[in-house]
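For what it's worth, my numbering labels the leading residue of the sequence shown as 1164, then goes sequentially. Backbone N, C-alpha and C fix where the C-beta goes; we use that ideal spot for every residue, glycine too. Worksheet: one structure, shown below.
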Amino acid sequence: MQYKIALAGNPNTGKTTLFNALTGSNQFVGNWPGVTVEKKEGTLIGHPDILIQDLPGIYSLSPYTLEEVVSRTYLVKERPDAILNIVDGTNLERNLYLTTQLMELGIPVIMAVNMLDVTRKNGDIIHTDILSSAMGCPVLEISARTGEGLKELVETAAKTAKHQTLSEPRHTFSGPVEHALAHIEEATQGLLPEHQTRWYVIKLFERDSNVQDSLKLSPGLLDHINSNIEAVENELDDDAESIITNERYQFVSQLISKCAVKKNRHQLTTSDKIDRIVTNRFLALPIFAVIMFLVYYVSVTTIGTDATDWVNDTLFGEIIVPGAGELMDSWGVADWLKGLVVDGIISGVGAVLGFVPQMVVLFIFLAFLEACGYMARIAFILDRAFRKFGLSGKSFIPMLIGSGCGVPGIMASRTIENQPDRRMTIMTTTFIPCSAKMPIIALIAGAYFHGEWWVAPSAYFVGIGAIIVSGIILKKTKMFAGDPAPFIMELPAYHMPTIGNIARSVWERSSSFIKKAGTVILLSTILVWFLSSFGYGDEGFGMVEDLNDSVLSAIGQKIAWIFAPLGWGDWKAAVAAFTGLIAKENLVGTFGILYGLAEASEEGEEFWGTFAQDFSVTSAYSFLVFNLLCAPCVAAMGAIRREMNSTKWWLGAIGYQCGFAYCIALCFYQFSEFISNGVFGVGTAAACVVTALILYLLFRPAPHNDTAVVELNPSPSK
Ligand code: GDP
Ligand code: MG
1164 MQYKIALAGN PNTGKTTLFN ALTGSNQFVG NWPGVTVEKK EGTLIGHPDI
1214 LIQDLPGIYS LSPYTLEEVV SRTYLVKERP DAILNIVDGT NLERNLYLTT
1264 QLMELGIPVI MAVNMLDVTR KNGDIIHTDI LSSAMGCPVL EISARTGEGL
1314 KELVETAAKT AKHQTLSEPR HTFSGPVEHA LAHIEEATQG LLPEHQTRWY
1364 VIKLFERDSN VQDSLKLSPG LLDHINSNIE AVENELDDDA ESIITNERYQ
1414 FVSQLISKCA VKKNRHQLTT SDKIDRIVTN RFLALPIFAV IMFLVYYVSV
1464 TTIGTDATDW VNDTLFGEII VPGAGELMDS WGVADWLKGL VVDGIISGVG
1514 AVLGFVPQMV VLFIFLAFLE ACGYMARIAF ILDRAFRKFG LSGKSFIPML
1564 IGSGCGVPGI MASRTIENQP DRRMTIMTTT FIPCSAKMPI IALIAGAYFH
1614 GEWWVAPSAY FVGIGAIIVS GIILKKTKMF AGDPAPFIME LPAYHMPTIG
1664 NIARSVWERS SSFIKKAGTV ILLSTILVWF LSSFGYGDEG FGMVEDLNDS
1714 VLSAIGQKIA WIFAPLGWGD WKAAVAAFTG LIAKENLVGT FGILYGLAEA
1764 SEEGEEFWGT FAQDFSVTSA YSFLVFNLLC APCVAAMGAI RREMNSTKWW
1814 LGAIGYQCGF AYCIALCFYQ FSEFISNGVF GVGTAAACVV TALILYLLFR
1864 PAPHNDTAVV ELNPSPSK
């Protein structure tokens, strides 16, 4: 017989860490809500017959966010054999609110109070016996991080699930509420699922429409229930849902005063002290800017560049490319095959792999910022800033994740319950440079700006700027009007991340990058090589000496005019931008083939040098801007399609991204040309018109819209 234990708790309580420790499976450990959107399963160590189900992190069982709906549906409909409720020992108040709800489901609950290592260090004491008898379930203290107490937890959980030792909810509501609940229970006798009557009765009292619908109660019965609810509402002068919420909080805070003793109640912890500076009203944004700047500066410009130069120029340039060439010659393979392998595959894939060292350094920094707790602060800091632009900090979480890869970033938008906000977030998330765009940034920075310090960080800020501008413009259209979603988030205490967590996260990200180089990019480089090596030459169709006779050039020349106003009407750039839609790293791979990474190294030149001839500094930056902001790769476009769940919105999003990228690159190029050369042409005039339009859209008053504001999350009146 297979038993099921569901792991439930607030975000950031150590659920993922505990899940890994209990199942031994590998998972990504992040630090903000939104990562664990999907359900994950694993078997309990030492108990192959017990399945553990990781539920999304939630604050309550009200169906307001997607996570809450997922968790609640699972708990109510699938009915696991036990619930393992993980609770953050440093933050009992918020956590126990959920516990009071879980206790009502009629499923055995085991409470694990996590972060024992931290509470002990702070000198806090939690009386688990009092907690246990007040709640009516076993309570154990653990540290998911150090593994302390886990053995006992495993045994208790296994025993509870197998013997179905039902926990007895001890918490009751005030007299009038319990009176009404008893009436509702009586009126619905035989109509509610067995063992879950208390939960259903409370939900009926809260007038939860999902529950009302699912029970299909007769209108007469609903009326009768409603009269009971109204009586209480009149007596207590509040609406039913708020009454329940408030009474839960009262219960929890009274319980905490009995069972938890905080040693340094009035003393600031180190974490609080750091937060005083880092989330300070005036310093927060400058500090964030400096940190992101340093991260990009170090990984792309200093350490990263040296390593990448070595890989590109020495490893590939001096060792692999000549070596492969000689080897092929000694085998006497056909010229075209040698060309395919050396000029096609090695040049293309090699140009992409060359950026792995830079990427690894960047991933180490990002994983550290994530795991130590700073990323959660960034979302909080930016929430405050973003509200000024009518966006919410919740939109920023997908963007933070999107700095690794746009696909999970887009998927993390599910944490946003408000539809317009969600759509807008999906549309703008990929403006943040993902790791696959790093090689493009590094290439442009290296070839045109001699690796100058500001280029790589500037790309990041172009992305943020694009999001802010788009946010303001889109919010003023009818489709996106409405208040930004409320943003609630627990800030976990800062902590030193474990090396294991960082290594796992870096490995996960870089291995998927390398894997992509071996599959999608390999195939595209082969295709690009064929298209660039064959064409109509003097003797009809066949291999051509001159790149300009190739099929690729013919295609490129057909589309290159589109990009001429942006300063890079050369067909090679147009083709590269196009192959970037398959995977952004491709763009560099394509340049590797078209500008001959192999030849460059044979002639002892640097790859950067041959490439630098075709662009001016301004057109290179315009090329960078366009490729940073235009439609993402096919994988991310697929994610947009899935999350939008509408072809119309999907096309709209892609169209908006490409159009926006084009406009910004156009304005940048035309104005910088005008400033440096003083020539005013058709392009400059077009840029003026576009700028005027953008400024108008930015500063026009928000159109009055009184239909779009739907209150999704009525906050309890206090
Ligand atoms: P989730 O959001 O609930 O899945 O939480 P995670 O498992 O991602 O943990 C959030 C953070 O808390 C991570 O940085 C963990 O390393 C850290 N953490 C988890 N459990 C413990 C613990 O017992 N002690 C300490 N000090 N940190 C922990
Ligand atoms: Mg998690």
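**Message:** Restricting to Cα atoms, I'd like to know which of Leu1367, Ile1838, Ala1816, Val1415 is closest to Leu1294.
**Reply:** Val1415
**Request:** Can you tell me which of the three DSSP states Met1455 falls into?
**Result:** helix
**Asked** Per DSSP, which one or two residues make a beta bridge with Gln1776?
**Response** Per DSSP, none; premise fails for Gln1776.
**Asked** How would you label Pro1561, buried or exposed, when you count the other beta carbons within 10 angstroms and need 16 or more for buried?
**Response** buried
**Asked** Shortest alpha-carbon distance to Asp1244 belongs to which of Tyr1222, Ser1223, Val1272, Tyr1260?
**Response** Val1272
**Request:** Look up Met1274 in the DSSP assignment and give the residues it is bridged to.
**Result:** Asn1248, Val1302
**Item:** CB-CB length for Asp1492 against Trp1692, believed under 8 Å
**Value:** With 8 Å as the limit, Asp1492 and Trp1692 do not qualify as a contact, their Cβ atoms being about 19 Å apart.
**Asked** For Ile1437, which of helix, strand or coil comes out of DSSP?
**Response** DSSP, reduced to helix, strand and coil, places Ile1437 within a helical segment of the structure shown.
**Message:** So the candidates are Met1800, Ala1739, Ile1756, Leu1814; which of them puts its Cα closest to the Cα of Phe1789?
**Reply:** Ala1739
**Message:** What I want to know is whether the C-beta of Val1281 ends up closer than 6 Å to one or more non-hydrogen atoms of the ligand GDP.
**Reply:** yes
**Item:** Minimum C-alpha distance to Trp1813 - residue among Ile1527, Val1239, Gln1820, Ile1803
**Value:** Ile1803
**Asked** In whole angstroms, what separates the C-alpha of Thr1847 from that of Asn1258?
**Response** Cα-Cα distance, rounded: 58 Å.
**Item:** Check: Arg1585 C-beta below 6 Å from any heavy atom of the ligand GDP
**Value:** no
**Message:** Checking the sheet assignment: what are the DSSP bridge partners for His1210?
**Reply:** Leu1207
**Prompt:** If you run the structure through DSSP and keep just helix, strand and coil, what is Ile1221?
**Reply:** coil
**Asked** Could you give the distance in angstroms between the alpha-carbon of Leu1354 and the alpha-carbon of Lys1366?
**Response** Rounded to whole angstroms, the gap between the alpha carbons of Leu1354 and Lys1366 is 14 Å.
**Request:** Go ahead and label Gln1865 buried or exposed: buried means 16 or more other beta carbons lie within 10 angstroms of its beta carbon, across all protein chains shown.
**Result:** As written in the sequence, residue 1865 is Ala, which differs from the Gln given in the question. Its Cβ having fewer than 16 others within 10 Å, Ala1865 is exposed.
**Prompt:** Would you call Ser1390 buried or exposed, if buried means 16 or more other Cβ atoms sit within 10 Å of its Cβ?
**Reply:** Exposed, by the Cβ-count rule.
**Message:** Using 8 Å for Cβ pairs, my map puts Tyr1819 next to Leu1729. What's the rounded Cβ distance?
**Reply:** No, Tyr1819 and Leu1729 are not in contact; Cβ-Cβ is about 18 Å, not under 8 Å.
**Message:** Counting only beta-carbon separations shorter than 7 Å, does Gly1626 have a partner in chain C?
**Reply:** Chain labels in this structure do not include chain C; a single protein chain is all it has.
**Message:** Is Ala1557 close to the ligand GDP? I mean its beta-carbon at under 6 Å from any heavy atom of the ligand.
**Reply:** Per the sequence presented here, residue 1557 reads as Lys, with Ala not at that position. Using a cutoff of 6 Å, the CB of Lys1557 does not count as near the ligand GDP, since none of the ligand's heavy atoms is closer than that.
**Message:** Following a CB-centred definition, is Ala1307 positioned closer than 6 Å to any heavy atom of the ligand GDP?
**Reply:** yes
**Message:** Can you give me the C-alpha to C-alpha distance between Ser1716 and Phe1837, rounded to a whole angstrom?
**Reply:** 30 Å
**Prompt:** Cβ atoms of Gly1569 and Cys1535: under 7 Å apart, would you say?
**Reply:** No, these two residues do not count as a Cβ contact at 7 Å.
**Request:** Return the chain-ordered ranges of every alpha helix (DSSP H) run that is complete within the region 1837-1870 and spans a minimum of 4 residues.
**Result:** 1845-1862
**Integer Cβ distance of Asn1175 from Pro1655, believed to fall under 8 Å** = Yes, they are in contact, since the Cβ atoms of Asn1175 and Pro1655 sit about 5 Å apart, within 8 Å.
**Message:** Three Cβ pairs or more, each shorter than 8 Å: is that satisfied between the region 1604-1617 and the region 1432-1448?
**Reply:** no
**Prompt:** Given Val1852, which residues of its chain have a CB within under 7 Å of its CB, disregarding the five upstream and five downstream residues?
**Reply:** none
**Message:** On the CB-based measure, 16 or more other CB atoms within 10 Å of its CB, does Leu1238 come out buried or exposed?
**Reply:** The residue is buried, with at least 16 neighbouring Cβ atoms inside 10 Å.
**Message:** Using a 10 Å radius around the Cβ and a threshold of 16 neighbouring Cβ atoms, would you call Glu1702 buried or exposed?
**Reply:** exposed
**Asked** Which one of Val1496, Ala1737, Asp1438 has the shortest CA to CA distance from Ser1785?
**Response** Ala1737
**Message:** Taking 7 Å as the threshold (C-beta atoms), are Ala1799 and Ile1817 in contact?
**Reply:** Cβ atoms of Ile1817 and Ala1799: not closer than 7 Å.
**Request:** Report the three-state DSSP secondary structure of Val1198 (helix, strand or coil).
**Result:** Residue confidence for Val1198 is low, a pLDDT of 38 falling below 50, so the modelled location carries little weight; the figure read from the coordinates is stated next. If DSSP states are grouped into helix, strand and coil, Val1198 belongs with coil.
**Request:** On a CA-only basis, which of Phe1549, Ile1677, Met1274 is nearest Leu1303? Give me that one, please.
**Result:** If we check each option's Cα against that of Leu1303, Met1274 comes out closest.
**With 16 other Cβ atoms within 10 Å as the buried cut-off, status of Arg1805** = exposed
**Message:** Shorter than 6 Å, the distance from the beta carbon of Gly1968 to the closest heavy atom of the ligand GDP, or not?
**Reply:** There is no way to answer for residue 1968, as the model of the chain reaches only from 1164 to 1881.
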